[in-house]
């Protein structure tokens with residue numbers, strides 16, 4: 596049975612504590628340790644709270660924690676900004692209530708126009724929505740990654756593509772890192788929207804069909820889309836590296852516009868130019884009249 600989606604403070608704290616070595620926390624080793632990472636009493640000492648209070652938090656026996664305490668625990672756990680946001684979200688949530696009649700996300704016409712403009716500038720771009728659904732993409736993104744518009748609506752999802760489509764493992768030069776980041780982004784969404792039934796179904800489906808997803812989901816890592824680089828090994832144009840930037844359209848905070856760019860004149864920029872040229876040649880071939888229609892004798896007709 597797949598793991599329940601609702602994020603649990605206890606699981607997150609245990610996973611985060613296990614990732615910190617005593618040396619990283621400035622604590623001297625005292626012989627053989629029975630646990631990975633820090634002991635509860637060590638973490639409580641670093642956070643300036645009682646061992647009993649921290650133990651109750653980690654065991655799920657206490658659902659109340661002040662902002663100051665959470666900040667202190669986050670500091671002791673050496674959490675980054677995304678992880679601290681996630682910690683506050685899952686520690687201070689109201690009782691979960693199922694959302695009903697969640698409205699489908701719509702792409703604003705201005706965002707659609709921007710995708711087309713970026714296409715003209717040879718910049719792949721796409722829009723992710725809730726649950727990492729691919730809401731839209733420009734043509735160059737479809738050529739570089741996958742044509743999500745041609746897929747059934749239920750399959751237009753970045754996480755499904757990464758974990759369930761064999762092409763993704765060949766396309767991403769660093770598939771393991773892409774997979775880890777994808778799961779961490781879903782964890783971030785789960786912290787913000789624990790009652791999202793669509794996210795629950797997605798996590799359950801991926802947990803059943805992908806052992807790698809289940810392993811990464813159990814790590815309780817979180818990640819916020821911002822900027823970075825991504826390497827591709829494209830079957831038509833070879834290796835290329837893009838820089839990405841994540842932006843939020845003003846009309847929907849649950850949408851993220853991802854824009855790729857390459858350094859002018861670089862081999863990666865040339866690879867994108869070749870990809871565009873290949874697509875244009877394919878278009879010409881589709882529109883070209885059949886000048887090799889055979890006559891009744893089986894020979895091509897004269898032009």
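In the numbering used here, the protein residues as written are 596 to 898.
For each residue, glycine too, the CB sits at the ideal point set by N, CA and C.
Just so we're clear, the structure is a prediction, and the values are computed from it rather than from any experiment.
Nearest neighbour of residue 677, chosen from 853, 819, 847 [CA to CA]: Selected option, being the one with the closest Cα: 819.
Beta-carbon spacing of residue 866, residue 853 below 8 Å: No, Cβ-Cβ distance for residue 866 and residue 853 is not below 8 Å.
Delimiting residues of the beta strand (DSSP E) encompassing residue 852: Run containing residue 852: 851 to 856, per the beta strand (DSSP E) assignment.
Alpha-carbon spacing of residue 653 relative to residue 664, whole angstroms: So the two alpha carbons sit approximately 13 Å from each other.
Inter-residue spacing [alpha-carbon to alpha-carbon] between residue 662 and residue 683: Going from the Cα of residue 662 to the Cα of residue 683 covers about 8 Å.
C-alpha gap between residue 619 and residue 680, whole angstroms: Cα to Cα, residue 619 sits roughly 22 Å from residue 680.
Cβ separation of residue 738 and residue 874, assumed to be a contact under 8 Å, to the nearest whole Å: With a Cβ gap of about 6 Å, residue 738 and residue 874 count as contacting.
Presumed contact (8 Å Cβ cut-off) between residue 740 and residue 766, rounded CB distance: Between residue 766 and residue 740 the Cβ distance is about 7 Å, and since that is below 8 Å, they are a contact.
Cut-off 7 Å between Cβ atoms - residues of its own chain near residue 703, not counting five sequence neighbours on either side: These residues qualify, in order along the chain: 844, 846.
CA-to-CA distance, residue 623 to residue 900, given in whole angstroms: No answer is possible for residue 900: the residues shown for the chain start at 596 and end at 898.
Sequence-distant residues of the same chain with beta carbon closer than 8 Å to residue 768, five excluded per side: Excluding residues within five positions, the ones whose Cβ falls inside 8 Å are 826, 827, 828, 834.
Residue 706, enclosing alpha helix (DSSP H) - first and last residue: Run containing residue 706: 704 to 715, per the alpha helix (DSSP H) assignment.
Cβ separation of residue 610 and residue 815, assumed to be a contact under 8 Å, to the nearest whole Å: The distance from the Cβ of residue 610 to that of residue 815 is about 4 Å, consistent with a contact at the 8 Å cut-off.
Residue 632 versus 655, 859, 848, 613, residue with shortest Cα-Cα distance: Scanning 655, 859, 848, 613 for the CA closest to the CA of residue 632 turns up 613.
Endpoints, beta strand (DSSP E) assigned at residue 767: Segment: none, residue 767 is in no beta strand (DSSP E) and carries neither H nor E.
First and last residue of the uninterrupted beta strand (DSSP E) at residue 833: Counting along the chain, the beta strand (DSSP E) containing residue 833 begins and ends at 833 to 842.
Three-state class that DSSP yields for residue 569 in the structure shown: The structure shown does not extend to residue 569, since the chain is modelled only from 596 through 898, so no value can be given for it.
Residue range of the unbroken alpha helix (DSSP H) whose run includes residue 633: Note, residue 633: premise wrong, no alpha helix (DSSP H); not H, not E.
Own chain partners of residue 552 with C-beta closer than 8 Å, once the 5 adjacent residues on each side are dropped: As shown, the chain starts at 596 and ends at 898. That puts residue 552 outside it, with no answer to give.
Backbone secondary structure at residue 674 - three-state DSSP: In the structure shown, residue 674 sits in coil (DSSP, three-state: anything other than H, G, I, E or B).
One or two residues paired with residue 900 in a DSSP bridge: The structure shown does not extend to residue 900, since the chain is modelled only from 596 to 898, so the question has no answer here.
Straight-line Cα distance separating residue 855 from residue 651: Going by the C-alpha atoms only, they are around 45 Å apart.
According to DSSP, residues forming a beta bridge with residue 826: Beta bridge pairing from DSSP links residue 826 with 836.
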